[in-house]
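Going left to right, the sequence shown walks through residues 0 to 351 as numbering that gives the first Met the number 0 numbers them. A virtual CB, placed ideally from N, CA and C, is assigned to each residue, including glycine. Contents: one structure, followed by commentary.
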Amino acid sequence: MKNLLIDNLTIPKAGRYIVAVSGGVDSCVLLDLLLQREQKTKLELIVVHFDHGMRKDSQKDRLFVQNLAKTHKLPFEYKEGRLGDVSEATARKHRYQFLYDMMAKYEADGIILAHHLDDRIETSVFNILRGSNRVGAAPLKSGPILIRPLLKIKKAELKKYAKYQKLSWQEDTTNSNTTITRNFIRHELIPIVDRLSLKIKPNYIDLLSTMDQLNQALNQIFEKTLVNNAIIRKNQIEISKIIFQNLAPSAIEHLLAYSITKLKPDFSLQSKSLKQLALLIKQDKVGKRQTFGPKSDCVNVEIGYDRVTIRLGKTRPMILDKTKNLFISEINDYRIRRNGKKDFGQLKSKKL
């Protein structure tokens, strides 16, 4: 059991890492596995815990993780979110912001998370039910910053390992509440599907793998398209409308989704809203704008005369100048581009 899990664990390279530990069985197993490889791979681990403040007994989890870190003589950081009754998306946003803050504080090489195979299936089903796009349908990938070593391991295997190693962990008292959509998927929907056919879950795992490969190929195409046909800045992407002329609305939808997540990687997108926006672009509805997310932390997509602008941040008045084919608020940027940087006038002869 022990060797099987370690063999399937994708250990990050030597370096300093933030380890997100909730106190549940998944993150406790992850920490135990990392500690066993700590000396061999020269890992420097910092244990962090985010208390959402969404449960009355959540402080017990923090104290448990704090003692766990102390036992293993590891640095420990935590934050009390005091979020109250908020959506899963809001809780996730605050949690990940804390993780990124800790990564910056310790100048860490990455963040290690305990998501496993069952998490990936549940999140995929959850996102599909919400009307997510192709990226949301194949979620929770492991990358150079957000590292997920357990993605190939089932929850049941983690529990067996924890019992075999005689590990201690905390149980989230809300996990059994099936009025919460994710818990309903975990405890009701997936077990019913499993009873219908033993092959469904393995087939779904194969589908996720295929979608990963497809998404990677499409992302490479979209990246090349943006490099050749867009002006990319830190908080804004301006895409020449020329490239949308020969694209079907579905292709426009996926290009927009890729562009938005390029600016804001963890942003949650609804497929229905993207479809509506893609149709407006295809119909060349100049002056139309769509806002995704709350106004204080949103993504704005604006349809101009010669470009589609995707911008992070608060909404602001959009004034169009027909004579110059640009947004009045961007005249200075436009002049700079005309004097030496990429200009949309130079894009008209480019092929996709």
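Buried or exposed by the 16-neighbour rule on C-beta atoms within 10 Å, applied to residue i
i, result
"Val226", "exposed"
"Pro264", "exposed"
"Thr178", "exposed"
"Arg232", "exposed"
"Ile17", "buried"
"Leu195", "exposed"
"Ile144", "exposed"
"Arg61", "buried"
"Asn228", "buried"
"Glu79", "exposed"
"Leu213", "exposed"
"Lys240", "buried"
"Glu301", "buried"
Three-state secondary structure (DSSP) of residue i
i, result
"Asn132", "coil"
"Leu325", "Residue confidence for Leu325 is low, a pLDDT of 40 falling below 50, so the modelled location carries little weight and cannot support an answer."
"Asn174", "coil"
"Asp320", "Annotation note: pLDDT 44 at Asp320 (below 50); position unreliable, no value reported."
"Ser21", "coil"
"Gln35", "helix"
"Ile330", "Confidence is the limiting factor: at Ile330 the pLDDT is only 34, short of 50, which leaves the residue's position unreliable, though a coordinate-based value still follows. Looking at Ile330 - three-state DSSP - the assignment turns out to be helix."
"Arg310", "strand"
"His186", "helix"
"Lys154", "helix"
"Ser196", "coil"
"Tyr77", "strand"
"Pro11", "coil"
"Tyr16", "strand"
"Ala107", "coil"
"Val85", "coil"
"Ile179", "coil"
"Phe49", "strand"
"Ala229", "strand"
"Leu42", "strand"
"Arg61", "helix"
"Val298", "strand"
"Ile236", "strand"
"Phe97", "helix"
"Leu145", "strand"
"Phe266", "coil"
Other residues of its chain near residue i: CB distance less than 7 angstroms, five sequence neighbours each side excluded
i, result
"Ile184", "Glu121, Val124 and Phe125"
"Leu206", "none"
"Glu56", "Checking the sequence shown, residue 56 turns out to be Asp, not Glu. Excluding sequence neighbours, Asp56 sits near Thr172."
"Asn174", "Asn182"
"Tyr203", "Ile120"
Sub-9 angstroms separation of residue i and residue j beta-carbons
i, j, result
"Phe75", "Val28", "no"
"Ala277", "Ile251", "yes"
"Thr180", "Leu116", "no"
"Ile191", "Ile146", "no"
"Arg310", "Asn234", "yes"
"Gly312", "Trp168", "no"
"Leu279", "Lys271", "no"
"Phe291", "Gln269", "yes"
"Leu166", "Val24", "yes"
"Thr260", "Val134", "yes"
"Ala19", "Phe63", "no"
"Asn409", "Ala247", "Residue 409 is absent from the structure shown; the chain starts at 0 and stops at 351."
"Thr9", "Ser141", "yes"
"Thr308", "Ile199", "no"
"Ser249", "Phe221", "no"
"Pro11", "Asp108", "yes"
"Lys92", "Asp283", "no"
"Leu357", "Val298", "Only positions 0 to 351 of the chain appear in this structure, which leaves residue 357 out of reach."
"Ala113", "Ser26", "yes"
"Ala137", "Met210", "yes"
"Gln164", "Asp31", "yes"
"His71", "Leu34", "yes"
"His253", "Leu217", "yes"
Close-in-space but distant-in-sequence residues of the same chain around residue i (CB under 8 angstroms, 5 per side omitted)
i, result
"Gln69", "The question names Gln, but residue 69 in the sequence shown is Lys. Phe75, listed in sequence order."
"Asn176", "Asn182"
"Thr89", "Leu82"
"Arg36", "Ile5, Leu8, Ile10 and Leu42"
"Lys158", "Val24"
Own chain, CB closer than 6 angstroms to residue i, minus 5 neighbours either side, in chain order
i, result
"Asn324", "In this predicted model, Asn324 has a pLDDT of only 42, less than 50, meaning its place in the structure is not dependable; the value taken from the coordinates is given anyway. Around Asn324: Tyr304 and Asp305."
"Glu43", "Arg15"
"His51", "Gly80, Leu82 and Ala90"
"Gln65", "Phe75"
Could you check whether the region 83-99 touches the region 147-158, counting it as contact only if at least three pairs of C-beta atoms, one from each stretch, sit closer than 8 angstroms? These segments do not touch.
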